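Have a look at the structure below, then the notes.
Residue numbers (the numbering used here), protein chains in the order written: chain A, 1148 to 1248; chain B, 21 to 433.
This is the structure we're talking about:
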């Protein structure tokens, strides 16, 4: 069982890696990458970008993502952090593909 | 139905001689060759014998908003830049040009040999090692499709008129101009941005190489090739870039007081129906004759023939024969591929732009590297040094693999 501190650190690591994706793939300035930022309204992504984002997340985290209700519910960066953490957890528990170290 | 008159009111180009029409004109006036060695970039390809090409300058594509840029490859960047130049040339600036047309009245027709060969290469590099498509980018498809240049330029400019891609290899760009001519004279569009766009890739040169149609004897002296109509020609050199023309309804152009380069008065495209790669002089002659007939112009009224002549042994022979049969040695003939190399689908419009500039200047630029006219290309009036001559009516040829022929006739207004 992870402690709240461990969970917080893990989320921060995911956020940092996701930030790199957003800076390189979508050319978003780092200061705009706050957890409350809405992917479409605040960061200017569109439907094509979401597909690109999924491809990039799969590469970055070594997970396999599918179209799902959870994925469609993502609105903000914070939603995305939680989604990725959940997918990593599922992969580790054997529900999905094994994440890369 | 009264057909409309169609005039050329804007031109834009990115060529191996530089960015812009003035760079093209200057390069031709200075008789520069754009062919360079690709030995360092391509020598790792086994059995690629042709290690020369004519790259165009890199552009600062970061100026294009990301959501437009993401679906664009090199050929689309070139097409967009050339289209912007054409609009700016015709209207003073791009925004003013776009604002001039009612919704749906400005079209865009751009042809290329294939979709982006660079993107196609990247797609298969991603997909094939593990036979896994999960790593494929969503936007790669939009770079690979055959209408990538046309649709991306139209998207970037926000056009809502007719968008077409005339994909017929080396005739693509001239077919685009021909299709635009039809749309405007029928009144379907007030104006059309039309032309061709291409990007270099070793697979393109390699495709000609395996058919023994690419130049391979001048790897150590690149500027000596290609050699259109010359005794020592040994094939084409691939280039890249884009040429875009604005074809406009004459009345529309007159009403806004537009500068007019020339009127398009005739066009024809046809197939040889004979051989997939070999040029065929009866079919070339039929194409030229039909283009002249559609222009209501006799051969002796043509002041200059801008040849396709890419420097292949067989193609140049057949074109020279067709020109000889129709024009004899009366009309001056030159090919600009000695300077520009073969920009394939972009070559027709780029060379047409150069021809229109010759018309303005009253000078014909010669065929670079034509030192010893080949006996099998004899009997036509080769231009081997700049020739001062008023040009009123010209014909531009573009021929392609697949037995596709095209010719366009323009007259000074």
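Ideal placement from N, C-alpha and C gives every residue a C-beta, glycine not left out.
In this text the structure is predicted, and so the values were computed from the model without any measurement.
Listed in chain order, the non-local C-beta contacts of residue 1233 of chain A below 8 Å within the same chain comprise 1217, local neighbours out to five positions each way being set aside. Setting aside the 5 residues that flank it on each side, residue 407 of chain B is surrounded in the same chain by 352, 383, 384, 386, each with a C-beta closer than 8 Å to its C-beta; the list follows chain order.
Taking every protein chain shown into account, the CB of residue 1163 of chain A has fewer than 16 other CB atoms within 10 angstroms, so this residue is exposed. Ranked by how close their Cα comes to the Cα of residue 271 of chain B, the residues B/108, B/207, B/39, B/199 have B/207 in first place. Any Cβ of chain B closer than 8 Å to the Cβ of residue 1205 of chain A would place that residue at the interface, and such an atom is present.
In this structure, B/389 is the residue among B/266, B/163, B/389, B/101 with its C-alpha nearest to the C-alpha of residue 243 of chain B. Distance between residue 203 of chain B and residue 282 of chain B, taken at the CA atoms: about 17 Å.
Taking residue 413 of chain B as reference, the option from B/428, B/399, B/182 with the minimal CA-CA separation is B/428. With a cutoff of 8 Å on beta-carbon distance, residue 330 of chain B and residue 301 of chain B are scored as not near each other. Taking a cut-off of 8 Å for Cβ pairs, the segment 46–65 of chain B and the segment 229–249 of chain B touch, as three or more such pairs fall below it. Of all alpha-carbon atoms in B/172, B/149, B/296, B/320, the one lying nearest the alpha-carbon of residue 88 of chain B is that of B/172.
Residues of chain A with a Cβ closer than 8 Å to the Cβ of residue 172 of chain B do not exist, since the nearest Cβ in that chain sits about 13 Å away. The closest CA to that of residue 218 of chain B, considering only B/28, B/22, B/365, B/66, is found on B/365. Look at the beta carbons and you see the segment 372–379 of chain B not touching the segment 313–320 of chain B: under three pairs across the two are nearer than 8 Å. Distance from the CA atom of residue 1209 of chain A to the CA atom of residue 135 of chain B, rounded to whole angstroms, is 31 Å.
The segment 157–167 of chain B and the segment 246–253 of chain B do not touch, with fewer than three beta-carbon pairs separated by less than 8 Å.
With its beta carbon at least 8 Å from every one in chain A, residue 151 of chain B lies outside the interface.
The segment 89–146 of chain B contains, as complete beta strand (DSSP E) runs of 3+ residues, the segments 126–131 (chain order). Neighbourhood of residue 159 of chain B in chain A, by CB distance below 8 Å: 1195, 1199, in chain order. For residue 1173 of chain A, the neighbours in chain B by C-beta distance under 8 Å run, in chain order, 86.
In this structure, B/362 is the residue among B/102, B/141, B/362 with its C-alpha nearest to the C-alpha of residue 258 of chain B. By the CB criterion at 8 Å, residue 131 of chain B and residue 292 of chain B fall outside the cutoff. The segment 102–117 of chain B and the segment 1190–1202 of chain A do not touch, with fewer than three beta-carbon pairs separated by less than 8 Å.
The DSSP assignment places 222–229 as complete runs of the alpha helix (DSSP H) inside the segment 203–268 of chain B, in order along the chain (cut-off: 4 residues). Cβ neighbours of residue 231 of chain B within its own chain (closer than 8 Å, five residues either side excluded): 297.
Non-local C-beta neighbours of residue 1227 of chain A in its own chain, meaning closer than 6 Å and more than five positions away in sequence, comprise 1221, ordered along the chain.
Counting C-beta atoms within 10 angstroms of its own C-beta, residue 1152 of chain A has fewer than 16 neighbours from the protein chains shown and is therefore classed as exposed. Boundaries of the alpha helix (DSSP H) harbouring residue 270 of chain B: 270–275, taken from the DSSP string.
Residue 1161 of chain A has a beta carbon lying at 8 Å or more from every beta carbon in chain B.
Counting only unbroken stretches of 4 or more residues, the alpha helix (DSSP H) elements lying wholly within the segment 36–78 of chain B are 41–49, 59–62, in sequence order. In this structure, residue 129 of chain B and residue 196 of chain B form a Cβ contact; the two beta carbons are roughly 4 Å apart against a cut-off of 8 Å. If you draw a straight line from the Cα of residue 26 of chain B to the Cα of residue 268 of chain B, it comes to about 6 Å. Counting only Cβ-Cβ distances below 7 Å, residue 223 of chain B has no contacts in chain A at all, with the closest Cβ about 25 Å away. Residues of the segment 1226–1239 of chain A with a C-beta atom less than 7 Å from some C-beta of chain B do not occur. Within the DSSP secondary-structure output, residue 157 of chain B pairs in no beta bridge.
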